[in-house]
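Below you'll find the structure, written out as structure tokens, and then a few comments.
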Amino acid sequence: MKTKHIFKPALLSLAVTSAMYSGHALSQENNSAKEPDVEVIAVKGIRGSLMRAQAIKMDNTSIVEAISAEDIGKLPDSSIAESLARLPGLAGERVGGRTSGISVRGFKEDFTGTSLNGRELIGIGDNRGVEYDLYPSEIMTGATIYKTTEANLMVQGIGGTVDLQTVRPLAAQETLTLTGVYEMGGNDSDNPEFDNTGKRLALSFVEKFADDTVGIAVALATTESPRNERKYGVWGYSANDAGQITPSGLDTQAISRELDRDTISAVLQWRPTDNLDIVVDALSIDYSDSGVIRGFIEPFNADPASLSGSGTNVSGTQVGVNPVLRTDPAQKDGELQTFGLNVKYNIDDNWSVMVDAANSQSEKRDLRGESYAGLARNGAIDSFGTRQFQMSPNGVFFTGSTGLEAFSDPSLLQLTGPQQWGGGMANIADQFATGVNTVFTDADGNPIPFSYLNAQDGFLNYADFEEELTTVRVEAEGYVEWGIINKIQYGVNYSDRYKMKDNKGFFATASSYPYSEAIPSEYLYNGLADLSWAGFGQVVAYDGFAPYNDGEYTLNDAGLLEPDRLGDSYTVDEEVVTIYAKFDFETEINGFPVIGNFGAQYVDTTQSSTGYLGIVGSNFAVCDDNNDGQVDSDCILSDGDEYSHFLPSLNVSIEVDDNQYIRVAANKTISRARIDQMKASGFVKFDQNVDLITIPNSQADVEQLGSPWSKFQGNPSLRPLEANNFDLSFEKYFDNEGYVALTFFYKDLVNWTDDARELIDFTNDSTNNGANYFIPGFHDRIIQTTGLYGPANVAYNAGDLATPPDFGYFEYFQDGLKGEVKGAELTANIPLGNFIGALEGFGFAGSATIIDAELENGNPIPGQSDQVLSLTAYYEMNGFEVRVAATDRSEFATYQRGGSNKIETATRDKITQVDAQISYDFEGSGIEYLEGLRISLQGTNLTDEKEETIGGDGIVTLRREFGPSYMLNFNYSFY
Numbered sequence: 000m001k002t003k004h005i006f007k008p009a010l011l012s013l014a015v016t017s018a019m020y021s022g023h024a025l026s027q028e029n030n031s032a033k034e035p036d037v038e039v040i041a042v043k044g045i046r047g048s049l050m051r052a053q054a055i056k057m058d059n060t061s062i063v064e065a066i067s068a069e070d071i072g073k074l075p076d077s078s079i080a081e082s083l084a085r086l087p088g089l090a091g092e093r094v095g096g097r098t099s100g101i102s103v104r105g106f107k108e109d110f111t112g113t114s115l116n117g118r119e120l121i122g123i124g125d126n127r128g129v130e131y132d133l134y135p136s137e138i139m140t141g142a143t144i145y146k147t148t149e150a151n152l153m154v155q156g157i158g159g160t161v162d163l164q165t166v167r168p169l170a171a172q173e174t175l176t177l178t179g180v181y182e183m184g185g186n187d188s189d190n191p192e193f194d195n196t197g198k199r200l201a202l203s204f205v206e207k208f209a210d211d212t213v214g215i216a217v218a219l220a221t222t223e224s225p226r227n228e229r230k231y232g233v234w235g236y237s238a239n240d241a242g243q244i245t246p247s248g249l250d251t252q253a254i255s256r257e258l259d260r261d262t263i264s265a266v267l268q269w270r271p272t273d274n275l276d277i278v279v280d281a282l283s284i285d286y287s288d289s290g291v292i293r294g295f296i297e298p299f300n301a302d303p304a305s306l307s308g309s310g311t312n313v314s315g316t317q318v319g320v321n322p323v324l325r326t327d328p329a330q331k332d333g334e335l336q337t338f339g340l341n342v343k344y345n346i347d348d349n350w351s352v353m354v355d356a357a358n359s360q361s362e363k364r365d366l367r368g369e370s371y372a373g374l375a376r377n378g379a380i381d382s383f384g385t386r387q388f389q390m391s392p393n394g395v396f397f398t399g400s401t402g403l404e405a406f407s408d409p410s411l412l413q414l415t416g417p418q419q420w421g422g423g424m425a426n427i428a429d430q431f432a433t434g435v436n437t438v439f440t441d442a443d444g445n446p447i448p449f450s451y452l453n454a455q456d457g458f459l460n461y462a463d464f465e466e467e468l469t470t471v472r473v474e475a476e477g478y479v480e481w482g483i484i485n486k487i488q489y490g491v492n493y494s495d496r497y498k499m500k501d502n503k504g505f506f507a508t509a510s511s512y513p514y515s516e517a518i519p520s521e522y523l524y525n526g527l528a529d530l531s532w533a534g535f536g537q538v539v540a541y542d543g544f545a546p547y548n549d550g551e552y553t554l555n556d557a558g559l560l561e562p563d564r565l566g567d568s569y570t571v572d573e574e575v576v577t578i579y580a581k582f583d584f585e586t587e588i589n590g591f592p593v594i595g596n597f598g599a600q601y602v603d604t605t606q607s608s609t610g611y612l613g614i615v616g617s618n619f620a621v622c623d624d625n626n627d628g629q630v631d632s633d634c635i636l637s638d639g640d641e642y643s644h645f646l647p648s649l650n651v652s653i654e655v656d657d658n659q660y661i662r663v664a665a666n667k668t669i670s671r672a673r674i675d676q677m678k679a680s681g682f683v684k685f686d687q688n689v690d691l692i693t694i695p696n697s698q699a700d701v702e703q704l705g706s707p708w709s710k711f712q713g714n715p716s717l718r719p720l721e722a723n724n725f726d727l728s729f730e731k732y733f734d735n736e737g738y739v740a741l742t743f744f745y746k747d748l749v750n751w752t753d754d755a756r757e758l759i760d761f762t763n764d765s766t767n768n769g770a771n772y773f774i775p776g777f778h779d780r781i782i783q784t785t786g787l788y789g790p791a792n793v794a795y796n797a798g799d800l801a802t803p804p805d806f807g808y809f810e811y812f813q814d815g816l817k818g819e820v821k822g823a824e825l826t827a828n829i830p831l832g833n834f835i836g837a838l839e840g841f842g843f844a845g846s847a848t849i850i851d852a853e854l855e856n857g858n859p860i861p862g863q864s865d866q867v868l869s870l871t872a873y874y875e876m877n878g879f880e881v882r883v884a885a886t887d888r889s890e891f892a893t894y895q896r897g898g899s900n901k902i903e904t905a906t907r908d909k910i911t912q913v914d915a916q917i918s919y920d921f922e923g924s925g926i927e928y929l930e931g932l933r934i935s936l937q938g939t940n941l942t943d944e945k946e947e948t949i950g951g952d953g954i955v956t957l958r959r960e961f962g963p964s965y966m967l968n969f970n971y972s973f974y
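The opening residue of the sequence shown carries number 0 in numbering that gives the first Met the number 0; numbering runs sequentially from there.
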């Protein structure tokens with residue numbers, strides 16, 4: 000048998016990882032080569048974790064980072080996301096107060112490949128990116144992050160590859176571990192139906208049978224985790240002629256949520272002979288994130304005579320206060336299952352073959368109800384409340400109010416829509432025709448009756464997602480003597496992906512329409528919700544799902560009323576065949592040992608999408624000209640494309656001195672376009688604002704002043720994002736513990752998805768076979784009052800018919816955008832005791848990542864922060880451990896779920912998060928029955944870091960406060 004040469008770091012790697020070597024690729028390599036016997040270094044705690052991660056980094060020809068636990072169930076965080084976020088070059092993104100998304104070198108998770116034991120991993124979200132907080136730490140033994148790619152990595156991305164790892168039982172120590180965690184939020188819940196406590200329970204075991212030829216590993220974990228959030232928001236700010244700044248509208252809520260997650264991970268490994276290794280693994284995650292978003296949404300008008308002060312430091316009185324108390328119950332339920340089979344057979348001492356097959360399926364329903372309450376139904380009263388307010392750069396705070404007592408009194412508060420939000424129900428106006436008049440009159444003094452405009456009392460939003468991924472891989476591996484080439488891997492990989500989104504919504508109208516009634520007593524919770532932190536005092540808390548569940552609300556399908564909702568439902572299919580080969584080499588150059596690999600992938604792709612073009616028809620319905628409740632066939636769209644890529648890669652590691660390495664990497668990588676951008680679906684939208692309808696009918700006026708028309712559509716022919724990458728790294732290791740590394744990287748983005756826009760004629764759409772979208776009686780408007788209208792100040796008399804301009808903008812996605820990313824990473828792990836004996840046990844691990852990224856159109860790259868700093872300081876001695884970790888991340892762009900369940904762009908301001916943990920491991924305590932016990936107390940977000948978005952005027956437009964979180968952890972290993 001040919002035994003490959005092993006440099007000293009490989010010996011160290013084998014020693015410190017021999018008890019937990021669980022990575023898919025790593026375990027396969029160990030099966031095919033007998034390594035020299037070495038002493039096992041048994042180091043636990045954070046020092047042991049850092050040593051094992053360092054060994055993986057040293058022993059890799061690529062530039063990597065790693066997380067490693069000494070055993071299954073021993074990672075310290077609640078999810079793998081929190082562990083990943085502290086690694087050099089990586090940055091976490093909080094969603095609802097939890098770290099969920101991970102950016103690698105400035106690229107959001109949608110542009111980073113994620114695998115589980117070497118297989119592509121799917122999520123349950125809108126796109127390709129994985130929600131890392133789905134994966135409890137108890138089922139993981141570690142992760143390897145490839146910042147440079149290799150030809151045998153089937154899961155790649157421009158940012159890199161994150162390979163999560165579960166245990167391989169025949170390569171692990173037998174263990175039975177029980178974990179219990181009590182969690183408490185630092186902030187009490189502002190909503191009476193929720194609290195701030197949670198728990199986690201986990202059981203993990205590894206057993207071997209039949210002379211260590213059969214192994215089984217099982218991890219069971221259940222989580223209940225609370226999150227309480229205070230959200231301050233406004234619609235924007237405006238200044239009067241005196242420069243006094245006030246909000247345009249309010250959007251402030253108390254949010255409470257609870258994450259419930261049940262996970263089962265099972266691995267069966269059978270090695271009937273030395274030459275045959277069979278691994279079957281399964282993972283099941285059942286996920287629920289439920290809660291309530293409760294608060295005020297309303298327009299803001301200040302009494303000009305009441306204002307005092309200047310700029311942002313203004314006080315005064317808000318008048319005409321007619322708040323909507325929104326109670327939005329939220330329920331997100333998802334399931335993910337993945338099953339895999341890996342068979343490896345050693346043909347002889349040098350050659351082996353491997354077959355790997357896997358299937359993953361996920362589904363999710365993201366549901367959010369809206370239930371409105373207020374002083375009275377819109378149109379029923381014309382006398383409203385007032386509030387006193389104080390402005391500052393932190394936003395607006397209210398100091399008192401009059402006429403709003405109903406919001407804390409359920410016998411007075413009405414279950415109804417206080418604002419005129421029913422315009423979307425125009426095509427079912429007859430359903431809401433009534434002889435009852437509002438308190439308002441038209442221009443001629445005639446009473447205005449209640450209508451569909453006054454009939455929206457709530458809304459039910461939900462989106463269903465389904466995804467399935469099937470992969471099959473066949474690979475041969477051999478040790479050869481072809482000059483400097485000592486190993487070859489080659490094979491073929493097939494993947495078939497299906498993703499579906501069904502965007503649904505329903506308008507809700509209370510049974511009391513056109514009148515209103517108080518909140519039914521059976522809906523009420525025991526207590527009021529606290530909004531006093533925003534100056535709103537206590538408000539009524541009721542079950543927002545109740546009027547949906549008991550039939551109080553009449554529902555009308557918004558999918559046939561809102562074109563943008565139908566235009567966001569779609570399916571996407573992808574078939575990818577990858578042929579690859581990788582060659583490992585070993586040589587010397589001028590006496591310097593050199594190892595590395597080179598290779599390439601040929602990737603052939605067939606992709607397609609089916610969806611809808613949402614258009615309002617002559618009956619005012621969306622794609623339902625015959626009123627049968629079914630989507631018209633001429634609204635169905637389907638398109639796709641076929642293409643291929645050649646992706647070469649090179650990784651070289653040069654040992655320039657003892658434990659000092661220079662690594663060089665060059666490669667081409669791709670990240671497939673976002674799923675929501677590849678959809679065939681689209682829509683034609685029309686804004687009923689009279690000031691837009693009265694814009695003059697000329698291209699010049701539309702280009703300058705805007706248009707009520709808009710059209711949007713995805714592009715199923717989008718090619719993957721593509722980059723040419725170059726990396727240069729210098730790494731110096733201090734024997735078996737500690738290192739410093741400096742890495743420079745450059746990414747030439749040769750294709751990125753661009754936002755395109757063109758002016759089209761909406762009465763003769765050249766992009767849709769000359770379609771005419773104008774409908775008399777729906778897209779025009781009879782002027783009610785004589786005056787000047789629109790930004791062009793066009794004069795109209797009462798009774799005139801205003802028709803919109805023909806022109807507007809069509810927005811879509813296209814290939815061809817270019818850019819570049821330049822960056823540097825400085826990483827250090829310094830055990831201070833190696834340099835100063837008196838500091839034995841003290842140390843720190845830190846990193847700084849600086850990125851300069853630029854796209855040709857000036858847009859930021861989603862996930863890219865210019866600067867990410869992290870530092871973990873620790874002390875560990877005789878089982879006692881203390882560590883404090885801080886991460887500082889500069890501003891970055893991202894995207895999130897927006898209105899009508901669609902994706903929208905967002906910006907996150909700079910954030911600094913501080914976490915800490917103190918623990919004691921009783922293994923060396925001398926107390927026999929406690930030797931398997933480890934107790935820890937952990938705190939996250941200890942400085943109560945807020946997420947803020949600050950507008951160009953220097954005032955906070957959005958603030959989210961989550962508070963700290965504390966966890967008391969008991970971990971007991973029976974053996």
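For glycine and all other residues, C-beta sits at the position ideal for the given N, C-alpha and C.
- By the 16-neighbour rule on beta-carbons within 10 angstroms, residue 743 is exposed.
- Cβ neighbours of residue 259 within its own chain (closer than 6 Å, five residues either side excluded): 223 and 287.
- Shortest Cα-Cα distance from residue 289 to any of 315, 932, 325 and 329 involves 329.
- Straight-line measurement puts the Cα of residue 263 at about 25 Å from the Cα of residue 109.
- A straight-line Cα-Cα distance of about 17 Å links residue 105 and residue 895.
- Note on the segment 230-255: whole beta strand (DSSP E) runs with a minimum of 3 residues are 236-238 and 244-246, in chain order.
- Beta bridge pairing from DSSP links residue 314 with 307 and 389.
- The segment 351-370 and the segment 445-465 touch, with three or more beta-carbon pairs separated by less than 8 Å.
- Setting aside the 5 residues that flank it on each side, residue 193 is surrounded in the same chain by 255, each with a C-beta closer than 6 Å to its C-beta; the list follows chain order.
- Scanning the segment 318-381 from its first residue to its last, the whole beta strand (DSSP E) runs of 3-plus residues come out as 323-345 and 350-372.
- Counting only residues of its own chain and dropping the five nearest sequence neighbours on each side, residue 909 has a CB closer than 6 Å to the CB of 889 and 890.
- Residue 268 holds the alpha-carbon nearest to the alpha-carbon of residue 278 among 268, 958, 285 and 369.
- Note that the C-beta distance between residue 201 and residue 177 is below 9 Å.
- With distances taken between CA atoms, residue 782 lies nearest to 691 out of 298, 828, 691 and 482.
- When DSSP reads this structure, residue 684 sits in a beta bridge with 709.
- Taking all protein chains shown into account, residue 205 has 16 or more neighbouring C-beta atoms within 10 Å of its C-beta and is therefore buried.
- Between the segment 674-693 and the segment 608-624 there are three or more inter-stretch CB-CB distances shorter than 8 Å, so the stretches are counted as touching.
- In the DSSP assignment, residue 546 falls within the alpha helix (DSSP H) that extends over 545-548.
- Straight-line spacing of the CA atoms in residue 295 and residue 321 works out to 10 Å.
- Per the coordinates, the alpha-carbon of residue 750 lies some 18 Å from the alpha-carbon of residue 601.
- In the three-state reduction of the DSSP assignment, residue 700 falls in the helix class, which pools H, G and I.
- In this structure, the beta-carbon distance from residue 243 to residue 188 does not fall below 9 Å.
- Take residue 937, set aside five residues on each side of it, and the residues of its chain with a beta-carbon closer than 6 Å to its own are 916 and 966, in chain order.
- Closest in alpha carbon position to residue 646, among 617, 597, 639 and 344, is 597.
- The alpha-carbon of residue 514 is positioned some 40 Å away from that of residue 948.
- Less than 9 Å divides the Cβ of residue 803 from the Cβ of residue 706.
- Per DSSP, the unbroken beta strand (DSSP E) holding residue 827 starts and ends at 806-830.
- For residue 46, same chain residues with a beta-carbon under 6 Å away, outside a window of 5 residues either side, are 875 in chain order.
- In the DSSP assignment, residue 786 forms a beta bridge with 795.
- Given a length threshold of 4 residues, each whole run of the alpha helix (DSSP H) inside the segment 502-574 is given here in chain order: 545-548 and 562-565.
- 9 Å or more divides the Cβ of residue 655 from the Cβ of residue 472.
- The shortest CA-to-CA distance from residue 590 to any of 155, 54, 653 and 78 is the one to 653.
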